[in-house]
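Residue numbers (the numbering used here): 43 to 288.
We treat Cβ as the ideally placed atom computed from N, Cα and C, and that holds for glycine.
As the structure is a computational prediction, the values presented were derived from the model and not from experiment.
Below: the structure, in structure tokens.
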């Protein structure tokens, strides 16, 4: 008896495409300044990137667009551009905003950071991709030392900014004293510093709100100022921290 032929198996679905990592903020004026200091033209830069760094599609027009700020190089193009301009990639990056950008600015490979903080490389890369940091206090301290992170940058790259903003908005609009401890869990500062900053922010915001209530609530400019204050509450918090005498 002839056995029925096996039904052809369905081809495996292709894996979902992975989004390319976002390029770090590019410092266009620095690139233009470094090129000019070397006496190079955009043609020289593009030629060097094609011949020495394996970017055959880079043209002088690309270099001009990068320097004008109308386009930005990819990660590999940024590294190649730094090589041609005899500088570090960090010199071509604007203010780093993410964990990955801080690593690139320090010219470190993912393996370097993972080894220094005691994480597996794949776990560390996952943290970069998701903009989240999961580490012990010791690992967090090692990360801050390796990347030269000040406290505001550390709070940002470890994904605490949104939570900090929520707590600060509640603190200035209600009783700030109730938020000293929750904020301290996110920002490891001495209690007097936190109390002074929260008290000052609360007074600032309440002053804005009092202005909106004057003249029967018709002061729209004061209302806009109060909303802008809340939107930028984290920036105001760090400014207040810096103003408090040690």
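Residue i, DSSP secondary structure in three states
i	result
residue 275	helix
residue 56	Its pLDDT being 44, under 50, residue 56 is placed unreliably in this model, and the coordinates cannot settle the point.
residue 146	helix
residue 44	Caution applies to residue 44, whose pLDDT of 49 falls short of 50 and renders its modelled position unreliable; the value that the coordinates give is listed next. Reduced to three states, the DSSP call for residue 44 is coil.
residue 235	helix
residue 286	coil
residue 99	coil
residue 153	helix
residue 50	Confidence at residue 50 is low in this model, with a pLDDT of 48, below 50, so the placement of that residue is unreliable and no value is reported for it.
residue 130	coil
residue 90	helix
residue 62	Because the pLDDT of residue 62 is 47, which lies under 50, any placement of that residue in the model is unreliable, and the question is left without a value.
residue 81	coil
residue 170	helix
residue 115	coil
residue 241	helix
residue 269	helix
residue 280	helix
residue 140	coil
residue 75	helix
residue 161	coil
residue 211	helix
When the options are compared against residue i, the one with the closest alpha-carbon
i	options	result
residue 289	101, 67, 252 and 240	Because residue 289 is not part of the residues shown, which for the chain are 43 to 288, the question remains open.
residue 154	72, 268 and 189	189
residue 196	186, 268 and 124	186
residue 243	272, 199, 173 and 230	272
residue 129	77, 225 and 245	77
residue 100	112, 110 and 84	84
residue 89	171, 193, 283 and 102	102
residue 113	227, 225 and 104	104
residue 210	236, 230, 191 and 192	236
residue 228	160, 97, 134 and 276	276
residue 122	73, 184 and 110	73
residue 139	203, 250 and 270	203
residue 178	191, 159 and 172	159
residue 241	285, 267, 253 and 205	285
residue 134	120, 142 and 183	120
residue 193	173, 94 and 281	281
residue 172	141, 152 and 224	141
residue 92	110, 118, 81 and 79	118
residue 249	268, 183, 233 and 231	268
N-terminal and C-terminal residue of the alpha helix (DSSP H) that residue i is part of
i	result
residue 224	222-228
residue 107	102-110
residue 219	Here residue 219 belongs to no alpha helix (DSSP H), and DSSP marks it neither H nor E.
residue 182	179-189
residue 198	193-199
Residue i - partner residues in DSSP beta bridges
i	result
residue 68	135
Presumed contact (8 Å Cβ cut-off) between residue i and residue j, rounded CB distance
i	j	result
residue 247	residue 215	7 Å
residue 136	residue 175	In fact, because the Cβ distance is near 21 Å, the residues do not count as touching under 8 Å.
residue 125	residue 147	Actually they do not touch by this definition, with Cβ atoms about 16 Å apart.
Residue-chain proximity (residue i, chain C), Cβ-Cβ < 8 Å
i	result
residue 219	Of the protein chains in this structure there is only one, and it is not chain C.
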